[in-house]
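Enquirer: Following our numbering, the numbering of the sequence shown begins with 1 at its first residue and continues without gaps.
Virtual Cβ for every residue (Gly too), placed ideally from N, Cα, C.
The model shown is predicted, which means the values in this text are computed figures rather than measured ones.
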Amino acid sequence: MIAILINSLADGGAEKVALTVLESLVKRGHHIKLLCLEKNQYYEIPNGVEVIYLSNATGHENGLIKLLKLPVLAFKLIKLIRQHHIQVIQSHLFRANYVNVLAKLMGSSHCSQLVNTGSINFYYY
Numbered sequence: 001m002i003a004i005l006i007n008s009l010a011d012g013g014a015e016k017v018a019l020t021v022l023e024s025l026v027k028r029g030h031h032i033k034l035l036c037l038e039k040n041q042y043y044e045i046p047n048g049v050e051v052i053y054l055s056n057a058t059g060h061e062n063g064l065i066k067l068l069k070l071p072v073l074a075f076k077l078i079k080l081i082r083q084h085h086i087q088v089i090q091s092h093l094f095r096a097n098y099v100n101v102l103a104k105l106m107g108s109s110h111c112s113q114l115v116n117t118g119s120i121n122f123y124y125y
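Written out as structure tokens, the structure reads:
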């Protein structure tokens, strides 16, 4: 199972890129989960894609609160990884990348792929 992790589906370039990657993978026959840190949606979700929100936050919270919630979101991500047998998570944007890496450092066995400002990095542990 492959998952794409992003802060939200707010109106932005990274969100559009994540959805473009997701649509391409779905067309190739992959089963994809879309994981969002927040419930802030501008873009439509492609048919057949399950969206899972890791919190009820809307993205308008204080920056310190967002920082303090990173470990909690990482624990929730680990639970989802185990529950849905997710093998690869591609994350977009800094906070989603932090949550992806934290989950990995906390013992998750998934492969992390971090995307930020147009570059892709693979981290195998």
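Given a threshold of 16 other Cβ atoms within 10 Å of its Cβ, counted over all protein chains shown, does residue 64 qualify as buried or as exposed?
Expert: Your numbering for residue 64 matches position 64 in the sequence shown. So residue 64 ends up on the exposed side.
Enquirer: Once you ignore the five residues that flank residue 97 on each side, which residues in its own chain have a CB closer than 7 Å to its CB?
Expert: On the sequence shown, residue 97 is found 97 positions in, with the first residue counted as 1. Closer than 7 Å at the Cβ level, and outside the excluded window around residue 97, lie 91, 114, 116.
Enquirer: Can you tell me the Cβ-Cβ gap for residue 8 and residue 37, rounded? I've got them flagged as a contact below 8 Å.
Expert: Here residue 8 refers to the residue found at position 8 when the sequence shown is read from its first residue. Here residue 37 refers to the residue found at position 37 when the sequence shown is read from its first residue. That pair is a contact at about 7 Å.
Enquirer: Residue 15 and residue 6 - do their beta-carbons sit closer together than 8 Å?
Expert: If you number the sequence shown from 1, residue 6 lands on position 6. If you number the sequence shown from 1, residue 15 lands on position 15. Yes, they are a contact pair.
Enquirer: With the cut-off set at 8 Å, would you say residue 70 and residue 54 are in Cβ contact?
Expert: Locating residue 70 in the sequence shown gives position 70, counting from the first residue. Locating residue 54 in the sequence shown gives position 54, counting from the first residue. Contact: no.
Enquirer: Name the two residues that bound the continuous alpha helix (DSSP H) containing residue 69.
Expert: On the sequence shown, position 69 is the one that residue 69 refers to. Here residue 69 belongs to no alpha helix (DSSP H), and DSSP marks it neither H nor E.
Enquirer: Rounded to whole angstroms, what's the CA-CA distance from residue 29 to residue 101? Just pull it up for me.
Expert: Counting from one through the sequence shown, the residue named residue 29 turns up at place 29. Counting from one through the sequence shown, the residue named residue 101 turns up at place 101. Their backbone Cα atoms lie some 27 Å apart in a straight line.
Enquirer: By the three-class DSSP mapping on this structure, what secondary structure does residue 110 have?
Expert: Locating residue 110 in the sequence shown gives position 110, where the first residue counts as 1. Three-state result, residue 110: coil.
Enquirer: Might you give, ordered along the chain, the residues of its own chain that have their beta carbon closer than 7 Å to the beta carbon of residue 10, omitting 5 neighbours on each side?
Expert: As a position in the sequence shown, residue 10 is number 10, starting the count at 1. Correct list, in chain order: 40, 42, 59.
Enquirer: Taking the alpha-carbon of residue 107 as reference, which of 81, 48, 45 has the nearest alpha-carbon?
Expert: Reading the sequence shown from its first residue, position 107 is the one you call residue 107. Nearest of 81, 48, 45 to residue 107, Cα basis: 81.
Enquirer: In the DSSP assignment, the alpha helix (DSSP H) including residue 98 goes from what residue to what residue?
Expert: Locating residue 98 in the sequence shown gives position 98, counting from the first residue. That run of the alpha helix (DSSP H) goes 94-105.
Enquirer: For residue 45, which residues in the same chain have their Cβ closer than 6 Å to its Cβ, ignoring the five residues on either side in sequence?
Expert: Here residue 45 refers to the residue found at position 45 of the sequence shown. These residues qualify, in order along the chain: 51.
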